[in-house]
Each structure stands twice: as C-alpha cells, then as structure tokens.
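In order, the protein sequences belong to chains F and X. So in the working numbering the end of the first sequence lands on 500, straight run, no missing numbers. So in the working numbering the end of the second sequence lands on 808, straight run, no missing numbers. The beta carbon of each residue, even a glycine, is placed where N, CA and C say it ideally should be. Take a look at the structure below.
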Amino acid sequence: MEPYIRMVGITKKFPGVVANDSVNFEVYKGEIHALLGENGAGKTTLMRVLYGLYRPDAGKIYVNGNEVKIGSPTEALRLGIGMVHQHFSLIPYFTVAENVAIGLGSWRNGLEIEKIKAMIKDVSEDLGLYVNPDAYVHQLSVGERQRVEIIKMLVRGVNVLILDEPTSALTPQESQQLFNVLKRMKDGGRGVVLITHKMYEVMEVADRVTVLRRGRVVLNALKGEISEKALVEAMVGKEVILGSPEKRSVPQKGALSVEGLVVKGDRGEVAVNGISFVVRGGEIVGIAGVAGNGQRELVEAIFGMRKAVSGKITVDGVDITNKDIRDRVSAGLELIPEDRLGTAVIPKLSLFQNAILHERWWDPYSKMGVLSISKARDLAKRIINSFGVATPNEQVQAGSLSGGNIQKFVVGRSMARGARYLIAVNPTAGLDVAATDSVRKTLVEFRNSGGAVLLVSEDLDELLSLSDRLYVIYRGKLVKEFLPQFDRLAIGEAMMGGQQ
Amino acid sequence: MNISGIAIAVVLATFPSAIPIWLAALGETVDQASGVLDLGVEGIMLMGAIAAFVVDYFYHSALIAFIVAGLVGLAFSAVHAFISITLNGDQVVSGTALWFIGWGLSGVIYAAYFGLAITPPSVPTIGSINIPVLTSLPIVGKVLFGESPLFYISILITIALWSIMFRTQFGLNLRSVGENPLVAEVMGVSPVIYRYVSVLFGGFMAGLAGAYLTVGLTGSFYFDMTAGMGFIAVALVYFGKWNPWRVSVGAVIFGLVYALSAELESIYTSVPYQFFSMWPYIATLLIILAVGKSAHAPDALTMPYVRE
Numbered sequence: 001m002e003p004y005i006r007m008v009g010i011t012k013k014f015p016g017v018v019a020n021d022s023v024n025f026e027v028y029k030g031e032i033h034a035l036l037g038e039n040g041a042g043k044t045t046l047m048r049v050l051y052g053l054y055r056p057d058a059g060k061i062y063v064n065g066n067e068v069k070i071g072s073p074t075e076a077l078r079l080g081i082g083m084v085h086q087h088f089s090l091i092p093y094f095t096v097a098e099n100v101a102i103g104l105g106s107w108r109n110g111l112e113i114e115k116i117k118a119m120i121k122d123v124s125e126d127l128g129l130y131v132n133p134d135a136y137v138h139q140l141s142v143g144e145r146q147r148v149e150i151i152k153m154l155v156r157g158v159n160v161l162i163l164d165e166p167t168s169a170l171t172p173q174e175s176q177q178l179f180n181v182l183k184r185m186k187d188g189g190r191g192v193v194l195i196t197h198k199m200y201e202v203m204e205v206a207d208r209v210t211v212l213r214r215g216r217v218v219l220n221a222l223k224g225e226i227s228e229k230a231l232v233e234a235m236v237g238k239e240v241i242l243g244s245p246e247k248r249s250v251p252q253k254g255a256l257s258v259e260g261l262v263v264k265g266d267r268g269e270v271a272v273n274g275i276s277f278v279v280r281g282g283e284i285v286g287i288a289g290v291a292g293n294g295q296r297e298l299v300e301a302i303f304g305m306r307k308a309v310s311g312k313i314t315v316d317g318v319d320i321t322n323k324d325i326r327d328r329v330s331a332g333l334e335l336i337p338e339d340r341l342g343t344a345v346i347p348k349l350s351l352f353q354n355a356i357l358h359e360r361w362w363d364p365y366s367k368m369g370v371l372s373i374s375k376a377r378d379l380a381k382r383i384i385n386s387f388g389v390a391t392p393n394e395q396v397q398a399g400s401l402s403g404g405n406i407q408k409f410v411v412g413r414s415m416a417r418g419a420r421y422l423i424a425v426n427p428t429a430g431l432d433v434a435a436t437d438s439v440r441k442t443l444v445e446f447r448n449s450g451g452a453v454l455l456v457s458e459d460l461d462e463l464l465s466l467s468d469r470l471y472v473i474y475r476g477k478l479v480k481e482f483l484p485q486f487d488r489l490a491i492g493e494a495m496m497g498g499q500q
Numbered sequence: 501m502n503i504s505g506i507a508i509a510v511v512l513a514t515f516p517s518a519i520p521i522w523l524a525a526l527g528e529t530v531d532q533a534s535g536v537l538d539l540g541v542e543g544i545m546l547m548g549a550i551a552a553f554v555v556d557y558f559y560h561s562a563l564i565a566f567i568v569a570g571l572v573g574l575a576f577s578a579v580h581a582f583i584s585i586t587l588n589g590d591q592v593v594s595g596t597a598l599w600f601i602g603w604g605l606s607g608v609i610y611a612a613y614f615g616l617a618i619t620p621p622s623v624p625t626i627g628s629i630n631i632p633v634l635t636s637l638p639i640v641g642k643v644l645f646g647e648s649p650l651f652y653i654s655i656l657i658t659i660a661l662w663s664i665m666f667r668t669q670f671g672l673n674l675r676s677v678g679e680n681p682l683v684a685e686v687m688g689v690s691p692v693i694y695r696y697v698s699v700l701f702g703g704f705m706a707g708l709a710g711a712y713l714t715v716g717l718t719g720s721f722y723f724d725m726t727a728g729m730g731f732i733a734v735a736l737v738y739f740g741k742w743n744p745w746r747v748s749v750g751a752v753i754f755g756l757v758y759a760l761s762a763e764l765e766s767i768y769t770s771v772p773y774q775f776f777s778m779w780p781y782i783a784t785l786l787i788i789l790a791v792g793k794s795a796h797a798p799d800a801l802t803m804p805y806v807r808e
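See below:
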C-alpha cells in the first residue's frame, strides 16, 4: 500500500539546534502512527513542518504520491492534513458551531449556523464525538474542547489528523474516550498521527511507531514487532528506572494546615468551597482533579496570590492567611508554579537574577538595598551544579533554557532556599523522561529529609507514584481521601464527580 | 421658557447631536471587532470636518464634501493601519499621534485657506429630509421624520453592520481575527486583510462624522470643534459591547446629554457654561464605571499579530 503522506529526508534547523535531521516519516490511511520521543526530540517540529507552520531546510513531502510544498496550515488543510495542538486554538467567547465555522465558507456567504450544526452532527455522530454545538467554548471541559478541535478538522475533510500530546490534560476516562474516537477514525479509513511521550498510549492504540531522538529517527516499526522496553531504550538511549521511588517516611513535626478555606475565582464564583487539610513534614500529599475544579485558586490562595474569603491557613501554627507572599516565603513556604515562564522565572532575566527573586530583600544578597551580584552568581552556580541544569553559564537568560532545565532550576532554587513547605503544581508537565525523573527524585528526597509537599497535578501516574496520601478535588471541594494502595479507577471516578 | 418647551427643544436637538458620535462609534466598532483600537478618531474627525468644509466652500456640493471627507478619513486611518498592522506598532501610540496630527493639521489647513476673518466663513448646512405627512405629526413627526439625511444613513449602517458582523461568514471571520488572529489565520482567514479593511472603514466613518459637524450641522469650521467627541465614540464602543445596536443606543443617549447641556447652558446664562459642557464627559466616565469589566472585549484588541 502506498502511504498517504511520505516525508523524505526532512531537515529543519533552528539557531544552534538541528531539530530534524533527514527524517523519513510515513502515514498510511487506516492506521494510527505514534510519534514517540522525549521533549525536544523534534516530534512537534516534524509535524509542524507537515502542517505548514515551519518550512523545512531540506527534504520533500509527498501527498498521495505527488510532491507538494506546504507553506501554511491552510494549504495543509486543503491537502487533507489537520492538526490538533497541545494548546487549543479555539475562541472561548464563540459557540462551538461558530468556532467550527471560522473561515469555512466564502466570505461573501451568509452565516448559516443550522447548516454548520448539521455538518457537525454529520462528522461527529458515528465517532462518538458528542458536543453541544450551541455551547460557548469557555463553558466546556478540556476534553470537550479537544473534541471541538477534532470536529473542526473533520468538517474540513481531513484524511490525516495529527494530535500533539492529546491526553496531557485529560482524565483517564476522557483519554479512553479519545482513544475510542481515534480507533473509529482509523476504521473509517483515516490516518492518525499521535505525538506522545507516554508509553502506554503507544501500546494501547498505535499500529506503527516511530521514535525520534535528538532529531533523528532511531526506530520505526509496527507495534507488534517491538517490546515496551525496546521503545523506552530507543527513546532515551539508556536504561531508566521506571516505577515509584521508595514510599513512606515518618511524618514529622510542623505542618501546613488549611481550615475551611473559601476562595473566589476570576468571575466571582466560589472556586474553593470550604477546603480543609493538613500536610505534615515528611509527607507528600497529592491533589488530584480535572483541571478547573479549584486547584488553581486553592494554590493561589495558599501562596497569597489570591485573597481567601474565609478560612485559615497556618504554617507551623503561624497564621499566614492574610500575609504578604514575602511573609509566607520567610515562613518557609515555596511554590513551584505551573506556568514556568510566566510565574516561576522572568524569562528575560539571567539565571542568577532569577535565583534571588525571592531573596533579593535579604542578607546576603541585598545589603542596604544594594544587590550583591557575586553572591547571586554563587547561588545560581550552586543550583546549576547540584541539580544538573544544562546551561552554558549562569548569565544566560532563563527563557533560553529548555523547559526541563528551567524546571530543574526552579525546583533547585526552592531547595537551596531551605524551604520546608513546598507546593508543586504540575511539576513535570511537558518534561521529558529524564527531567521528570530528576524533578520527582528531588521532591522525594525533600520529603525524606522532612519537607512537606503539596502536589497538585493533572498527571495521575505522577500522583500515584509520589503521594503518601491523596485527595480528590471536585467543584471546589475535597470529595475523598485515598491512601495507598491507590485504586486508580476509584480515583478516576471521584475526579469525574461520582462516588460522593 | 416652560418645562415642555425645554423638553421639546432638547428632544429635537438629540439626534442631530448624536449623529457625529454615532457614525464615528459605528466605524470604531468594526475597527475594534477586528482587534485594532483606533484612538485617532478625534483627529480623523477633525480632518473630515475641515476637508468637507473646504470642498463645500469652494465647490458647493455637500455630497462631494461628504465623500471627500470619508476618503480623507480613510487615507488618514491608513497611516494607523500601516503602523499597527504591517509594522506591528503600538496602537495606542499610533492612534494618539493621529489625533494630534489631525488636531493641528485641520487648524493649519483652515488658517491657510481662510486666515483670520472677523466674520468666519460659512457654508449652508444640508438641512433635513422632510417626509411628507409624517413630519406634521406633533413632536415625533419632527423628531423621527424630519431629520438630517445622515440620521437615516446612520440607522441603515447600524442595521447593515449588525447583519454583516453577526449573520455573515465575513463577520464571523472578522470577529475571529479580533479574538485570536492566529486561530483565524490557520483557518484560512487573513488577519492582515480583515484588519486593514476594518481600520479603513473606521477611518471613512470618522471622516463622515467630521463632515457632518461642518457641512451637516453648523455650516462652519472652528479649531478643535470635536472637543473630545472622538474619544466619547471610542468609549461608546465599550458601552455598546461591540454590538452596533447597543452602540447606537449609547450614541443617542449621548446625543440627549449633549442636547440637554446645550439647552440648559442657553437658559442659565448666569451659570458658567463650562459647568454644562462638562456633562458629556462626566457621562462618559459614569458609563465606563458602570460597564466596567462586565463586557467581554475582543481578546486580541490592541495586540499586534506577529506571524511565527
């Protein structure tokens, strides 16, 4: 069988990196092709080339046997190639039908929403892709939004759909639903490219797998021909130890305690509705939940970025409910925020400047309002060395590092400060296997040395492998507490609002 | 003068006072719906006003005066379009520059043509359309059926704009560019084209609004005659939540405030006139306070679109 898409010898260079190095890649109709690799391996770059977002420096693309040049996503769509990005490209204040309709007909046409709705129904019903076409996108869950994205592509008649890490923000149930949709699409004769770094997804849905490492294809095989271990090896190029680090340590004195916390969300709604819990030194307490159930507001209230309407937050018995962030930090609280470039570091400042963001007021980094650059640089060097941050030196801009190295730096900074209470929000989201491993090890070591960690994560595997206890948050409330051995299915159900 | 006499005078003056802000605000609505804030409306209106005045003074055609004013507004806004869309410049800075240029240049042009005269030159105003029979109805007859042609044109444009923005593919594409130009582009909609069209249209409308001030309403030009109307038009777009109908309602409310303050100013001559002329601006502040954050502005408003 002739592949629908054939990419031959694709090379794409960015300043200082070869993101794709003569890569060959094929997509067949009626097949799910997993594109596997660590972060920065070049998966997304390769697919962006195919979708017309990047122009390759060398190589050819054939669609249906004809050589094509794809200069824009519009051209890719015309060739039957669609892509669903990690960050959805939907307009929140438009309805589902309006989102689907953007750019769909000639600009001279009237807007016939009923016709659009019929088209949506047409492409989505058989696949089990249910969404209400009249709903506004901002009212939808992440899973529903993803369905809208897929529908948008299907309405445009794509033959091949590329999905970039589609399960990263989905619950296990939603992921399962998505896989069912993908399988039905495949059975309907479409081709699917699944960009992922999760092994079980490959094993579960893929027919064919291509592994990229440092921009090169290191493996290309049918799934039946290859073992999971061989895939991991191909991916990271060395044996990594998967599985949970040693559990349990003795809870120690001192605690971060939250009592009856009520917090309002951005639109004035009650986002956190009377939450109470305690995190003691020497334990990792997980918060599991579908994004948007109050996690963000909870974290922001504890760290002082958002006002608590009522309730009490204490650290070691000291009330910090209405204190400045500065006071919280000096009480030993630290945050590893979700948005690395927006909240954790200032991308345009150097690493050493970022190193003292929280300490710039205090000795020895500041004396009578004058910063000590040499002390800051020493601190940055210490963090870089102890936590294996790959960087030329401590003077480069923080934003120039890869996500994994920024995160190692951020985590290292909290450790170097001697924090005792750590709130970590999706600490490994978007990181490759090696960086994930390093961040998780740091958290566990911190816990073992008596630190307390509140781990808020959308990655259930992460929560299960790290937490000593785990709460499920649903609509602003902690609905259930779980202890090891964790029951994955029960947790998933609680996350979806069942079992109350 | 009795109360009902005042009321009638105010009501009769409401639409004529509303029309300039109305036209300008409709243009600005489209502008902003595509994601471009044009703070230069004030300057463009002044350029339209002087252009229309000069044309009508020398060529005695109100129609040509309006068309030329619209085109001058369009050309003027092209500068803003080029800076903010092609060069990705700061829209606030560019718009403010446009305001100052229009403000000064209109005065210079006036001085160049007419110099200083003891009796300022004037042109006949275009008057009003009187719809037979209906005009003779008491009060409403004069208010609704004896208005300036621009009143009816404003209503038609309001209906047309609403239909285009919310009932056509073009309008959806336009609004999607204002919400998220990247999404629009991926779906085959060119943000650059839509934004240019919108900004040029906004400029054309501001030009017409200015022409109405000279050729339609007063018959003369004087320096800074808009006195902030362009900015009120910008504020009205927020009040109107980027919907031509609501914007129109807002324009009429402002027409009422203008008419009322002008009427009271002429009655209570012992009160310094500034007391009354500040009312529209106070009303603007109140409106912005009332609307506050409740309105959803286009997400990409004032954001340049830089392609990767």
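Bounds of the beta strand (DSSP E) holding Thr196/F are Gly191 to Thr196.
Inside the stretch 40 to 109 of chain F, DSSP marks whole beta strand (DSSP E) runs of 3 or more residues at positions 58 to 63, 66 to 68 and 81 to 84, from first to last along the chain. The three-state reading of DSSP puts Phe666/X in helix, counting H, G and I together. Setting aside the 5 residues that flank it on each side, Val63/F is surrounded in the same chain by Ile5 and Leu79, each with a C-beta closer than 6 Å to its C-beta; the list follows chain order.
A direct Cα-Cα distance of roughly 14 Å separates Val27/F from Lys43/F. Taking the C-beta atoms as reference points, Met545/X is found nearer than 7 Å to Thr726/X. In terms of Cα proximity to Arg420/F, the closest of Val456/F, Tyr136/F and Gly451/F is Gly451/F.
Closest option to Met185/F, judged by alpha-carbon separation, among Glu204/F, Arg208/F and Leu161/F: Leu161/F. Using a 10 angstroms sphere on the CB of Asn405/F, the tally of other CB atoms reaches 16 or more, which defines it as buried.
Residue state for Asn220/F is assigned as strand, using DSSP reduced to three classes.
Contact holds between the stretch 729 to 739 of chain X and the stretch 782 to 794 of chain X, because three or more Cβ pairs, one in each stretch, are under 8 Å apart. Using a CB distance cut-off of 7 Å, Pro133/F does not count as an interface residue toward chain X.
The three-state secondary structure of Glu125/F, taken from DSSP, is coil. DSSP lists no bridge partner for Thr658/X. At the C-beta level, Ser577/X and Leu713/X stay beyond 7 Å of one another.
By the 16-neighbour rule on beta-carbons within 10 angstroms, His560/X is exposed. Rounded to whole angstroms, the gap between the alpha carbons of Asp799/X and Val232/F is 42 Å.
Around Ser106/F, the beta-carbon contacts reaching into chain X at under 8 Å are Gln669. Excluding its 5 nearest sequence neighbours in each direction, Ala97/F has C-beta neighbours in its own chain below 8 Å: Ile113, Ile116, Lys117, Ile120, Pro133 and Asp134, listed in chain order. Boundaries for Ser761/X: no beta strand (DSSP E) harbours it, while the alpha helix (DSSP H) harbouring it runs Pro744 to Ile767, taken from the DSSP string.
Around the C-beta of Asp531/X, 16 or more other C-beta atoms lie within 10 Å, and the residue is accordingly described as buried. Of the candidates Gly311/F, Gly143/F, Val68/F and Leu298/F, the residue whose Cα lies closest to the Cα of Phe88/F is Gly143/F.
Closer than 7 Å to the CB of Leu605/X there is not a single CB belonging to chain F. Proximity of Glu528/X to chain F, defined by a Cβ-Cβ separation below 7 Å, is not satisfied. Here Phe670/X has Ile664 as same chain residues with Cβ atoms under 7 Å from its own Cβ, once five neighbours each way along the sequence are excluded.
Nearest in C-alpha terms to His796/X, of all of Pro92/F, Gly430/F and Gly260/F, is Pro92/F. At a cut-off of 7 Å, the C-beta of Leu672/X has a neighbouring C-beta in chain F. Contact note: Asn109/F reaches chain X through Thr668, Gln669 and Phe670, using a C-beta cutoff of 9 Å and chain order. In the structure shown, the three-state DSSP call for Ala416/F is helix. Here Met7/F is bridged, per DSSP, to Phe25/F and Ile61/F. No Cβ of chain X is located within less than 7 Å of the beta carbon of Ile162/F. Ser400/F has a beta carbon lying at 7 Å or more from every beta carbon in chain X. Within chain X, the residues Leu672, Arg675, Ser676 and Glu679 have their CB atoms less than 9 Å from the CB of Phe94/F, given in chain order. With the criterion set as a beta carbon lying under 7 Å from some beta carbon of chain F, the stretch 752 to 764 of chain X has no members that meet it. The beta carbons of Lys223/F and Val209/F sit about 6 Å from each other, so the pair counts as a contact at 8 Å. Annotation for Glu31/F: Lys186, Gly191, Asp207 and Arg208 place their beta carbon closer than 7 Å to its own, counting only its chain and skipping 5 residues before and after.
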